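Quick note on UniProt numbering: the sequence shown kicks off at 1 and runs consecutively. Single-structure report; data block below.
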Amino acid sequence: MSKIFVDACFGKETPYTPVWMMRQAGRYLPEYMRVRAEAGNFLKLCHNPKKACEVTLQPVDIVGVDAAILFSDILVVPNEMGMDLEFIKGSGPKFHNPIKTEADIDRLIGAQEAASKLTYVYETIELIKKELDARGGETALIGFTGAPWTLATYMIEGEGTKTYNICKKMMYSNPALLHKILAKVTEVVKIYMQKQIEAGIDVVQIFDSWAAAIEPGKYDEFSWKYMVEIADFLKEKYPHIPIIMFPKGIPAFLDKVYGNFEVFGVDWSTPMSLAKEKLGDKYVLQGNMEPCRLYSKEATTECVEIIQETMQGERHIFNLGHGILPDVPVENAIHFIKECQRVSKK
Ligand code: CP3
């Protein structure tokens, strides 16, 4: 049976424009907070297939989204490559042994072994698929990875950063070393995504959350080409699995976007009309309401109507232009989903 979300990814006619939200399983849901507390902490939740499955399904059952996204984190990949990961309450992720030298890179665990250690992710996918099938099988499951560049920023800096000065020092003073990290991560991600597909995901999304940290003239060299390499690898084996690329905050690169994938995720700082003009012929566009509009139902409806007017007759998937924030009222998230489905109904 074909799923409305997968059809929309391939640009096929659908009864309405499907919608999901980045970070849709998370802290704005009291039900999520309960399951996270039961698991012990965030990373333990990622490692627990039964509970990770439960929180993946919460936005499907409570909010009414058209696609589920696997509950996990992009950073489990470097974690299983041998990097010591901790999520610190209030400040976010931290690697206690950031990469500094070539020897540090050589010590990282390689593709087959690292991807094989992520069994808890594949088990979670299998459980989610069973649950979605029991609900009628109409909701697609999105699997995901971080882009090599975004993963490398955490591996090199050790934590989130405002300046990216450590990785940029490497970019300009020792680019070969940065490329060595990016190439190694790319190999792991290829096998990881292949295994996610084999476990049952319907769609792949590649998050390049820190794309905007790279100057436009260097973006292809240090990030995009690795994302395209992953997409090419997967497309050759699994042409029926659509791929969504989400490079956040790179309007200056829109003219240069290339590659074999189906959907381009538009972040909230890029006008949908600009993305349509530059990429609407080549790719289905996903996005892009500014997530903070969710604080007001009126501001939400206004934006959904504007996006719908812009994308009327075009190939489109509704989403936020980045992740939902923890203090958004659940009823406002439900309102967003219903409004997207209402305004686009054919
Ligand atoms: O619902 C979903 O979207 C699926 C689950 C998901 C999470 N992280 C759960 C999560 C996904 C797809 C991600 C991807 C991710 N993780 C990205 C790319 C997407 C983006 O937001 O740009 C990035 C950069 C990360 C790294 C990461 N993980 C950070 C910076 C943080 C801390 C920030 C914060 O919001 O606290 C996390 C933690 C994280 N990942 C949480 C969740 C639900 C919050 C953890 C908690 O429960 O306290």
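Yeah, the Cβ is synthetic: ideal placement off N, Cα and C, and Gly gets one too. All of these numbers come straight from a predicted model, not from anything done at the bench.
For residue i, which of helix, strand or coil comes out of DSSP?
{"i": "H96", "result": "coil"}
{"i": "P175", "result": "helix"}
{"i": "G146", "result": "strand"}
{"i": "I197", "result": "helix"}
{"i": "F336", "result": "helix"}
{"i": "G217", "result": "helix"}
{"i": "Q205", "result": "strand"}
{"i": "Q286", "result": "strand"}
{"i": "F222", "result": "helix"}
{"i": "L70", "result": "coil"}
{"i": "P59", "result": "helix"}
Is it buried or exposed, residue i, if we count other Cβ atoms within 10 angstroms and call 16 or more buried?
{"i": "residue 348", "result": "What the structure shows of the chain is the stretch from 1 to 346, and residue 348 is not part of that stretch, so it cannot be assessed."}
{"i": "I181", "result": "buried"}
{"i": "D202", "result": "buried"}
{"i": "N165", "result": "exposed"}
{"i": "A115", "result": "buried"}
{"i": "R293", "result": "buried"}
{"i": "N41", "result": "exposed"}
Check whether the Cβ atoms of residue i and residue j sit closer than 8 Å, and answer yes or no.
{"i": "D7", "j": "T14", "result": "yes"}
{"i": "T124", "j": "C9", "result": "no"}
{"i": "Y283", "j": "I250", "result": "no"}
{"i": "V63", "j": "I337", "result": "yes"}
{"i": "Q194", "j": "K237", "result": "yes"}
{"i": "F95", "j": "M33", "result": "no"}
{"i": "M171", "j": "F222", "result": "yes"}
{"i": "G200", "j": "E126", "result": "yes"}
{"i": "Q286", "j": "F261", "result": "no"}
My assumption, with CB atoms under 8 Å, is that residue i sits in contact with residue j. Please give the rounded CB distance.
{"i": "K248", "j": "A211", "result": "5 Å"}
{"i": "V330", "j": "L29", "result": "6 Å"}
{"i": "I241", "j": "I197", "result": "6 Å"}
{"i": "V138", "j": "K345", "result": "A small correction: the amino acid at residue 138 is Glu; Val does not occupy that position in the sequence shown. Rounded, the Cβ-Cβ distance is 16 Å, inconsistent with contact."}
Hey, is the segment 218 to 235 in contact with the segment 268 to 277, meaning 3+ C-beta pairs nearer than 8 Å? no
Three CB pairs or more closer than 8 Å across the segment 315 to 323 and the segment 46 to 57: no
Okay, do the segment 70 to 84 and the segment 33 to 40 touch, 3+ Cβ pairs below 8 Å being the bar? no
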